[in-house]
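Read the structure below first, then the notes.
2 protein chains.
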Amino acid sequence: MYRELFNDPQNASEKIHVNGELHPDVRVGMRQVNLTNGERVVLYDTTGVYTEPGYEADTQRGIPKMREAWIAACAAALPEGEFHTQMWYARRGIVTPEMEYAAIRENAGLSPGDRGYITPQQVCESIAGGRAILPANRKHPETEPMVIGPEYLVKINANIGNSALGSSIEEEVEKALWAIKWGADTVMDLSTGRNIHRTREAILRNVPVPIGTVPMYQALEKVKGAVEDMTWEVYRDTLVEQCEQGVDYFTIHAGLLREHVPLAQKRVTGIVSRGGSIMAKWMAHHGRESFLYEHFDEICEIMARYDVALSLGDGLRPGCIADANDAAQFGELKTLGELCRRAWAHDVQVIIEGPGHVPMDRIRENMDKQIEWCQGAPFYTLGPLVSDIGAGYDHITSAIGAAMIGWFGTAMLCYVTTKEHLALPNRDDVREGVVTYKLAAHAADIAKGHPAAIARDLAMSRARYDFRWLDQFNLSLDPERARRMHREMVKENADFCAMCGPHFCAMRITKSIK
Amino acid sequence: MYRELFNDPQNASEKIHVNGELHPDVRVGMRQVNLTNGERVVLYDTTGVYTEPGYEADTQRGIPKMREAWIAACAAALPEGEFHTQMWYARRGIVTPEMEYAAIRENAGLSPGDRGYITPQQVCESIAGGRAILPANRKHPETEPMVIGPEYLVKINANIGNSALGSSIEEEVEKALWAIKWGADTVMDLSTGRNIHRTREAILRNVPVPIGTVPMYQALEKVKGAVEDMTWEVYRDTLVEQCEQGVDYFTIHAGLLREHVPLAQKRVTGIVSRGGSIMAKWMAHHGRESFLYEHFDEICEIMARYDVALSLGDGLRPGCIADANDAAQFGELKTLGELCRRAWAHDVQVIIEGPGHVPMDRIRENMDKQIEWCQGAPFYTLGPLVSDIGAGYDHITSAIGAAMIGWFGTAMLCYVTTKEHLALPNRDDVREGVVTYKLAAHAADIAKGHPAAIARDLAMSRARYDFRWLDQFNLSLDPERARRMHREMVKENADFCAMCGPHFCAMRITKSIK
Numbered sequence: 001m002y003r004e005l006f007n008d009p010q011n012a013s014e015k016i017h018v019n020g021e022l023h024p025d026v027r028v029g030m031r032q033v034n035l036t037n038g039e040r041v042v043l044y045d046t047t048g049v050y051t052e053p054g055y056e057a058d059t060q061r062g063i064p065k066m067r068e069a070w071i072a073a074c075a076a077a078l079p080e081g082e083f084h085t086q087m088w089y090a091r092r093g094i095v096t097p098e099m100e101y102a103a104i105r106e107n108a109g110l111s112p113g114d115r116g117y118i119t120p121q122q123v124c125e126s127i128a129g130g131r132a133i134l135p136a137n138r139k140h141p142e143t144e145p146m147v148i149g150p151e152y153l154v155k156i157n158a159n160i161g162n163s164a165l166g167s168s169i170e171e172e173v174e175k176a177l178w179a180i181k182w183g184a185d186t187v188m189d190l191s192t193g194r195n196i197h198r199t200r201e202a203i204l205r206n207v208p209v210p211i212g213t214v215p216m217y218q219a220l221e222k223v224k225g226a227v228e229d230m231t232w233e234v235y236r237d238t239l240v241e242q243c244e245q246g247v248d249y250f251t252i253h254a255g256l257l258r259e260h261v262p263l264a265q266k267r268v269t270g271i272v273s274r275g276g277s278i279m280a281k282w283m284a285h286h287g288r289e290s291f292l293y294e295h296f297d298e299i300c301e302i303m304a305r306y307d308v309a310l311s312l313g314d315g316l317r318p319g320c321i322a323d324a325n326d327a328a329q330f331g332e333l334k335t336l337g338e339l340c341r342r343a344w345a346h347d348v349q350v351i352i353e354g355p356g357h358v359p360m361d362r363i364r365e366n367m368d369k370q371i372e373w374c375q376g377a378p379f380y381t382l383g384p385l386v387s388d389i390g391a392g393y394d395h396i397t398s399a400i401g402a403a404m405i406g407w408f409g410t411a412m413l414c415y416v417t418t419k420e421h422l423a424l425p426n427r428d429d430v431r432e433g434v435v436t437y438k439l440a441a442h443a444a445d446i447a448k449g450h451p452a453a454i455a456r457d458l459a460m461s462r463a464r465y466d467f468r469w470l471d472q473f474n475l476s477l478d479p480e481r482a483r484r485m486h487r488e489m490v491k492e493n494a495d496f497c498a499m500c501g502p503h504f505c506a507m508r509i510t511k512s513i514k
Numbered sequence: 001m002y003r004e005l006f007n008d009p010q011n012a013s014e015k016i017h018v019n020g021e022l023h024p025d026v027r028v029g030m031r032q033v034n035l036t037n038g039e040r041v042v043l044y045d046t047t048g049v050y051t052e053p054g055y056e057a058d059t060q061r062g063i064p065k066m067r068e069a070w071i072a073a074c075a076a077a078l079p080e081g082e083f084h085t086q087m088w089y090a091r092r093g094i095v096t097p098e099m100e101y102a103a104i105r106e107n108a109g110l111s112p113g114d115r116g117y118i119t120p121q122q123v124c125e126s127i128a129g130g131r132a133i134l135p136a137n138r139k140h141p142e143t144e145p146m147v148i149g150p151e152y153l154v155k156i157n158a159n160i161g162n163s164a165l166g167s168s169i170e171e172e173v174e175k176a177l178w179a180i181k182w183g184a185d186t187v188m189d190l191s192t193g194r195n196i197h198r199t200r201e202a203i204l205r206n207v208p209v210p211i212g213t214v215p216m217y218q219a220l221e222k223v224k225g226a227v228e229d230m231t232w233e234v235y236r237d238t239l240v241e242q243c244e245q246g247v248d249y250f251t252i253h254a255g256l257l258r259e260h261v262p263l264a265q266k267r268v269t270g271i272v273s274r275g276g277s278i279m280a281k282w283m284a285h286h287g288r289e290s291f292l293y294e295h296f297d298e299i300c301e302i303m304a305r306y307d308v309a310l311s312l313g314d315g316l317r318p319g320c321i322a323d324a325n326d327a328a329q330f331g332e333l334k335t336l337g338e339l340c341r342r343a344w345a346h347d348v349q350v351i352i353e354g355p356g357h358v359p360m361d362r363i364r365e366n367m368d369k370q371i372e373w374c375q376g377a378p379f380y381t382l383g384p385l386v387s388d389i390g391a392g393y394d395h396i397t398s399a400i401g402a403a404m405i406g407w408f409g410t411a412m413l414c415y416v417t418t419k420e421h422l423a424l425p426n427r428d429d430v431r432e433g434v435v436t437y438k439l440a441a442h443a444a445d446i447a448k449g450h451p452a453a454i455a456r457d458l459a460m461s462r463a464r465y466d467f468r469w470l471d472q473f474n475l476s477l478d479p480e481r482a483r484r485m486h487r488e489m490v491k492e493n494a495d496f497c498a499m500c501g502p503h504f505c506a507m508r509i510t511k512s513i514k
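Order-wise, the sequence lines are chains P and F.
Counting in the UniProt record's numbering, the first sequence runs from 1 upward without gaps.
Counting in the UniProt record's numbering, the second sequence runs from 1 upward without gaps.
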């Protein structure tokens, strides 16, 4: 049933593959757009097996377990029960198949020798130095390896997940697949409603990108939503359950300490992170320091056993312009820097979460402080939204901030949908959100000078000047939408643009100048 | 028929008025949002008479001629046939009713003594210095005065207009009204199809904001689209025709010189400005310098007789990332600076048009050069778009650049719709484009520290924290859309957010912390 999501017979692109050299069984899929003038443009691809010719999806069976053999080979090379993370290998200079895969993937559209061409060794070194992560739980062999770090293409995450107010398992899997169709690099399942375990299972077995979660949500469901009944043991067992299931990265709000809570209570919108508010309430009720902070090393030990990456949650991200860059936010960020170092001691890979709502003139400070305090660990931000009054348009409010902070060096942008602050996104909202964030990430790549990103825009602009409409559709981020909008007004291929008509087409007139 | 466009019975806002002190017959309409907690938020309003209680629209009669008495009083004070522009009066320190009106309008949400409070004298001084314009043709008494300059709220323009491929007069008037409903500060009628004169007439008589045009479009229609047949006389007569009709500002591509054309021909997308390409072709065909440049003083004399403001067109704006900030673009910009000085010598008010397609890292250079070369005349940019591959989403591609350049000091942002590069916008596209640009302009106002803009966000955030949903809707840029999205999921007023459900509402949990 899901395969038709990926079906677009009018799109003149095909799946191609590039093989590894260090690891010959590495085989990386990319999308090649075949232009009508004979040129080819190769693009990074997040759709996995769903766009392999002839692939028949079977959601009961799940998608192929691409990494199964690599994981098995790793296990076979070690004493029984021993396991190491990508960071452990990287620190020893060992280039894993996953690292080579991610490096090849980054090179979509580049050739060896091109500026920005990524070697497997570079991926290895940046993971070793904590400047990048490769989220790949050994229990999630379905995931296609990818790398997140400021040296690489800016990535985007799409949040899905039900709430007590609605949505089914099928809908959530469909949203996740819809997200990767439009280019989501990772998907977070933030379900807080019914069937949390089964929803996540269906997503993990059917979606070929790293999956993130906030384990606190399920832990809280286990204590029937009563924050005061939460215990370290319930939380720990939930971590293990999700590690076993194959989640690739966890958001853990371990940096929110007791001392930060009074700072947040002075705010206009208090605490707007769900995980953060739960921990703040727990600490206030029990009069104790955060169990996430106190058990942090134990958490890292669990995650290291599976190579689940740690996304240090910003429980105190500002929820409005008035609260941006305040003492609560930056107090927590400093603690995240400390926890980052502690996690690295366990060879756990780390990214740092960031805001939130921040006016344009105060975005740079977020990036600067994150770099200073978190030793170059990748930054992963939610927007930021540059105003509070965009309800119904907050994919745009946030894309403005996201593009800017991506340019400044943020490694991954968590999308915000048009329904933010209002309701849960549906399938159409997921598409709009993902494409908007692909645009923000791509604009950041261009501003950073990424040659493949710039080359795609150049190919698009040449197609535009040549009136090669089909090529324009296929090179754009949402070929279906571009095609539909144009075809509503102009039926055939015209050598002028529908906005201007034949007499007023500037490009047509320019070409007629001798 | 048009009044229902403005009808939203669920919106708890009302029209209020503030009277002038220097000119007691100045009466400025604003929108006051009445919050459910008894507070009031006053907002800048572009809807004019259409939101006056009980106003019955009659498109045959047109809207009231608010400025008629002021224009008559001016004429009565001068020798017969003499007339002066707002800049002429400003240079003599004379505060016109229009200046006082515009100053009061800027103060929506501010009180005397507030930082950023604008006095009529400040408006007068900034117009005198060329740092702001007040576009108000004496033949357009329907327009409500407003001021455009970097010291003031960032303004937005919405383009409408038919092409040879479609649209009717009624549709264009409806689009123009729809644009002001959502907050467009000015409207440009870029019609190039049938009934150009009559379409413009209907817009001028029914829309209460300044109207801009590109007179070359109609001039070219007069010579049946044959660029080589264009003459100074045809163009001049078109200028006079449109001055007489009441157009408030003209885009004139007088800075594109013969020497620039070879620079543009080397580009990836050549010339993408319609007016620019027409002039380039004319110069190449006739082997002569631009008649707009050669007759520039005569153009200024005509415009000064009506007080039509001059928007110096950027005929060489880059049409793609690869062409950004190139010699063609900046060569023309330097010429625009020269023409700006010449226009000021005629007391003609001037704004300078800017790009286009520019990557984020090269936006600042546009603003810096414009300030340096154009002596502080207001900048008026189209986007800029920060990538070329956003077809179908180019309102967003361009809003990213627009918000940034607005923050840097651009005075007015010309919107780009979702259909850019693909087709003409319809009514829904106009709404989406205008609201997106209001958001970009507002984000720029916030980044510049405008206290009323910041206060609106604060009121919104307080409403959010208090779960005052109706207030959130009414304070957002598109109350109808915000309300609809929320109500689809949650029927009644809830003390939690529909994204999270009751157990996981962070703000609700925060409030429960003692």
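We put the beta carbon where it would ideally sit given N, CA and C, even for glycine.
Considering only beta carbons, the part of the segment 457-481 of chain F lying closer than 8 Å to chain P consists of ASP457, LEU458, MET460, SER461, ARG462, ARG464, TYR465, GLN472, PHE473, LEU475, SER476, LEU477, ASP478 and ARG481, in chain order. The three-state reading of DSSP puts F/LYS491 in coil, since its state is none of H, G, I, E or B. Assignment of beta-bridge partners to F/GLU14 by DSSP yields F/GLN32. If you compare the alpha carbons of P/THR96, P/PRO355 and P/VAL272 with that of P/HIS23, the shortest gap goes to P/THR96. For F/ASP428, none of the residues of chain P pass the 8 Å Cβ criterion, the least Cβ distance being about 12 Å. Minimum Cα-Cα distance from P/ASP466 among the listed residues F/THR269, F/ALA77 and F/ARG131 corresponds to F/THR269. Here the alpha carbons of P/LEU256 and F/ALA403 stand approximately 33 Å from one another.
At a cut-off of 8 Å between C-beta atoms, P/TYR415 does not count as an interface residue with respect to chain F.
Separation of P/MET489 and F/ILE160 (C-alpha to C-alpha, rounded to the nearest whole angstrom) is 16 Å. Shown here, P/PHE250 sits in a strand according to DSSP, grouped into three states. Distance from the CA atom of F/LYS139 to the CA atom of F/ILE302, rounded to whole angstroms, is 13 Å.
Residues of chain F whose Cβ lies closer than 7 Å to the Cβ of P/MET507 are, in chain order, THR269, GLY270 and VAL272. Closer than 7 Å at the C-beta level to chain P, one finds these residues of the segment 389-400 of chain F: ILE389, GLY390, ALA391, GLY392, TYR393, ILE396, THR397, ALA399 and ILE400.
Taking a beta-carbon distance threshold of 8 Å, P/MET99 does not count as an interface residue toward chain F.
At a C-beta separation below 7 Å, F/HIS442 has these neighbours in chain P: SER387 and ILE389. F/TYR235 is positioned such that its CB atom lies closer than 8 Å to that of F/ALA219. Put simply, the backbone Cα of P/GLU332 is about 39 Å away from that of P/ALA72.
Nearest C-alpha to P/ILE513 among F/GLU142, F/PHE6 and F/LEU263: F/LEU263.
Look at F/LEU35: its C-beta is not under 8 Å from any C-beta on chain P. Per the C-alpha coordinates, the member of P/CYS320, P/ARG483 and P/ARG200 positioned closest to P/GLN242 is P/ARG200. Pairing F/VAL28 with F/VAL18 gives a Cβ-Cβ distance under 8 Å. In the structure shown, the three-state DSSP call for P/TYR235 is helix. When rounded, the separation of the alpha-carbon atoms in P/GLU174 and F/LYS334 is 54 Å. Contact between the segment 408-415 of chain P and the segment 410-423 of chain F is absent: fewer than 3 CB-CB pairs across the two stretches fall below 8 Å. The Cβ atoms of F/GLY376 and F/GLY401 lie no closer than 8 Å to each other. Going by DSSP, P/ARG40 is part of the beta strand (DSSP E) stretching over 40-43. In this structure, P/GLY130 keeps its C-beta atom at 8 Å or more from the C-beta atom of F/HIS503. With its beta carbon at least 8 Å from every one in chain P, F/HIS197 lies outside the interface.
DSSP places F/LYS155 within a strand segment (E or B) once states are collapsed to three.
Just measuring C-alpha positions, the residue of F/ALA136, F/ASP394, F/ASP323 and F/PRO53 sitting nearest P/VAL435 is F/ASP394. P/SER277 belongs to the set of residues whose beta carbon lies under 8 Å from a beta carbon in chain F.
Relative to P/GLU298, the option among P/HIS346, P/GLY319, P/ALA443 and P/ILE321 whose CA is nearest is P/HIS346. Between P/VAL386 and P/MET360, the C-beta gap is smaller than 8 Å, which places the two residues in contact. Contact fails between the segment 266-285 of chain P and the segment 418-426 of chain F, because fewer than three Cβ pairs, one in each stretch, are under 8 Å apart. Secondary structure of F/CYS340 (DSSP, three-state): helix.
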